[in-house]
Amino acid sequence: MTIYRILWTLLVPGLLAAVLWRRLRGRGVAHEAAERLALCDGASQPVIWLHGASNGEITSARWLIEDLLRREPGLTVLVTCNNPTARSMVQGWGVPGLRAALAPWDTPGAVRRFLGRWRPRACLILENELWPERLAGLAAAGVPVLAIGARLSERSARMWGRVAPGMLRRMLGAVSWLSAQDAGSEGRFIAAGLPVERLGPRLLLKARTTAAPVARPFPAPPRARCVLAASTHEGEDAAILDAFAAARGQFDLLVIAPRHPQRGPAIAALAEARGLHPRLRSRHETAETAVYIADTLGEMGLWYGMCGVTFIGGTLVPKGGHTPFEPMAAGSALIHGPSVHNFTETFATLDAAGAARAVADGAGLARVLAGLDAAAQARLVAAAAALPQGADAGPILDALDRLAPAG
């Protein structure tokens, strides 16, 4: 823990400089440094603190947040996240009793000030957002920690086991209740030191995702003629562009939404080299061509709603894939590559039910796209809709009542 704290001490000046630089360039947000250092005002009464990494994780928990507020009038739920886009999204929900802030940096001072200002009654952590200093501070303050839909990949477990097994064991010792999102994660958490009696039922928050109706951001071809490549990573885009070019008889528009929006210009260059003349969302251009690059954050719902087919990014390269639940909720047919270790059980279920198409590489993607007419898309969507949906809030609320009762 000492080395970890030294590293954070060295990091903070650079992080502050980055915040200042973004502000000077007009790209920063108000109070970013103050929130990261926990120098802002807190609450006059204890709150339930819920933390998620970004838009997807927090959106998946919106139903849980609303359940918490509905069952306890007067409650304040504080949602923290790792980027300003997610904070703005939560603020835009306009839900009474809901507050949003950037998560404090993981330093002793920031964590201590944050806990002193907000005085959380309990902390709910989504997926894999386990931070050593934060957990140590919560344990010292006697605040129960509930890890919901927690995930620990084989790679992460090996890394912790090699680099800091004792730190991971101490972190898990601060967790009062944990629901893993799959059997593999559950076993790895227990092997890493989580007491078995603190284990709750498996929960996958994103399986409860619902899609709100969205208007198309610009005139586009019919939905069945639009395909989305969602959350792509470097190394996938060229294969996706080639597959789309080979399936032009079936699709008129390809939307590429990179996982990291700053890659937009590089993807545009790949498309230009293929004579596809792309447009970029970050430049406020409309899709007057065959390839549209959605290089922005917080707008995935637009693209899921607009495109009849979604290719899940991070599956043609060894990244493990991203959530299939949001496009499923929007009624978009699913395609994925071979790398799905982040959602192994989910994709196995989808494939077995005929609710998704698996491809081995770019050539396979081209073949599948060429055969995905409107009727084939409808069959995939119907198969996905027939699968059991949703996560149950009951175990979470029961654990919260036991560990941090109201009043």
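In this note's numbering, the protein residues as written are 52 to 458.
Each residue gets a CB set at the ideal place from its N, CA and C atoms; glycine is no exception.
Keep in mind it's a predicted model, so treat the numbers as computed, not measured.
With DSSP run on the structure shown, which of helix, strand or coil describes LEU156?
Sequence index remark: in the sequence shown, residue 156 carries index 105 (1-based). Per the sequence shown, residue 156 should be read as Trp rather than Leu. Reduced to three states, the DSSP call for TRP156 is coil.
Who are the Cβ neighbours of ALA190 in its own chain at under 7 Å, not counting the five residues just before and after it?
In the sequence shown, residue 190 corresponds to position 139, counting from 1. Only ALA225 meet the Cβ criterion.
In terms of residue numbering, what span does the alpha helix (DSSP H) encompassing PHE362 cover?
Locating residue 362 in the sequence shown gives position 311, counting from the first residue. Taken as a continuous stretch (DSSP letters only), PHE362 belongs to no alpha helix (DSSP H), being part of the beta strand (DSSP E) at 360 to 363.
Under 8 Å, with one C-beta from each stretch per pair, do the segment 275 to 282 and the segment 349 to 363 reach the 3-pair mark?
Cβ pair count under 8 Å is three or more, so yes.
When DSSP labels each residue in this structure, what does HIS82 get in the three-state scheme?
Reading the sequence shown from its first residue, position 31 is the one you call residue 82. The answer is coil: DSSP assigns HIS82 none of H, G, I, E or B.
Pick out the complete beta strand (DSSP E) segments inside the segment 341 to 419, 3 residues or longer, and give them in chain order.
Qualifying beta strand (DSSP E) stretches, in chain order: 342 to 344, 360 to 363, 384 to 387 and 407 to 409.
Find the nearest neighbour of GLU285 within the set PHE269, LYS257 and ALA317, judged by alpha-carbon distance.
Against the sequence shown, residue 285 aligns to sequence position 234. Checking every option, the nearest Cα to that of GLU285 belongs to ALA317.
Would you kindly work out how many angstroms separate the C-alpha atoms of GLU323 and PRO389, rounded to a whole number?
What you label residue 323 is simply residue 272 of the sequence shown in a count that begins at 1. What you label residue 389 is simply residue 338 of the sequence shown in a count that begins at 1. Their Cα atoms are separated by approximately 28 Å.
In terms of residues, what are the limits of the alpha helix (DSSP H) holding ALA228?
Looking up residue 228 in the sequence shown gives position 177. It is worth fixing the name first, because residue 228 is Trp in this sequence and not Ala. DSSP places TRP228 in no alpha helix (DSSP H) but in the uninterrupted beta strand (DSSP E) bounded by 228 to 231.
Hey, is the segment 170 to 177 in contact with the segment 97 to 105, meaning 3+ C-beta pairs nearer than 8 Å?
yes
Count the other CB atoms, across all protein chains shown, that sit within 10 Å of the CB of LEU254; report buried if there are 16 or more and exposed otherwise.
For the purposes of this step, residue 254 is identified with residue 203 of the sequence shown, where counting begins at 1. Burial call: buried.
Based on Cα-Cα distance, which residue from LEU149, ARG185 and GLU180 lies nearest to LEU166?
Translated into positions along the sequence shown, residue 166 becomes position 115. That would be ARG185, whose Cα lies nearest to the Cα of LEU166.
Per DSSP, ILE116 is paired with what?
Taking the sequence shown and counting its residues from 1, one reaches residue 116 at position 65. Its beta-bridge partners do not exist; DSSP assigns none.
Leaving out five residues before and five after LEU126 in sequence, what residues of the same chain have Cβ atoms less than 8 Å from its Cβ?
By one-based count along the sequence shown, residue 126 stands at place 75. Cβ neighbours of LEU126 beyond the five flanking positions: VAL98, ILE99, LEU119, LEU120, GLY148 and ALA457.
What are the partner residues of THR53, as DSSP defines its beta bridges?
Your numbering for residue 53 matches position 2 in the sequence shown. Paired residue(s): none; THR53 is not in a bridge.
So, for PRO268: in the same chain, excluding its five sequence neighbours on each side, which residues have a beta-carbon less than 7 Å away from its beta-carbon?
Along the sequence shown, read from residue 1 onward, the residue named residue 268 stands at position 217. Within the same chain, PRO268 has close Cβ partners LEU353.
Could you tell me whether the Cβ atoms of VAL89 and PRO155 are closer together than 8 Å?
Sequence index remark: in the sequence shown, residue 89 carries index 38 (1-based). Sequence index remark: in the sequence shown, residue 155 carries index 104 (1-based). In the sequence on display, residue 89 carries Ala and not Val. Yes. Within cutoff.
So what does DSSP say about GLY224, is it helix, strand or coil?
Stepping through the sequence shown from its first residue, residue 224 is reached at position 173. Of the three classes helix, strand and coil, the one that applies to GLY224 here is helix, per DSSP.
Could you have a look at THR283 and say whether DSSP puts it in helix, strand or coil?
The count along the sequence shown starts at 1 and reaches residue 283 at position 232. DSSP places THR283 in strand when its eight states are reduced to three.
Tell me which residues share the same chain as ARG59 and place their Cβ nearer than 8 Å to its Cβ, disregarding the 5 neighbours each side in the sequence.
Stepping through the sequence shown from its first residue, residue 59 is reached at position 8. For clarity, residue 59 is Trp in the given sequence; the question names Arg instead. Within the same chain, TRP59 has close Cβ partners TRP156, ASP157, THR158 and GLU184.
With ALA173 as the anchor, note down where its beta strand (DSSP E) starts and where it stops.
To locate residue 173, count along the sequence shown from 1; it is residue 122. 171 to 177 is the extent of the beta strand (DSSP E) around ALA173.
Name the two residues that bound the continuous beta strand (DSSP E) containing TRP211.
Here residue 211 refers to the residue found at position 160 of the sequence shown. Note, TRP211: premise wrong, no beta strand (DSSP E); alpha helix (DSSP H) at 205 to 214.
How many angstroms separate the CA atom of MET351 from the CA atom of ARG274?
Within the sequence shown, residue 351 is the residue found at index 300, counting from 1. Within the sequence shown, residue 274 is the residue found at index 223, counting from 1. Cα-Cα distance, rounded: 15 Å.
In the DSSP assignment, what residue or residues form a beta bridge with VAL278?
Translated into the one-based positions of the sequence shown, residue 278 becomes position 227. Per DSSP, LEU305 and VAL360.
Going by the CB atoms, is the gap between ALA345 and VAL306 shorter than 8 Å?
Position 255 of the sequence shown, counted from the start, is the residue given in the question as residue 306. Position 294 of the sequence shown, counted from the start, is the residue given in the question as residue 345. Contact: yes.
Go ahead and label SER227 buried or exposed: buried means 16 or more other beta carbons lie within 10 angstroms of its beta carbon, across all protein chains shown.
Mapped onto the sequence shown, residue 227 falls at position 176. Classified as buried, SER227 has 16 or more neighbouring CB atoms from the shown chains inside 10 Å of its CB.
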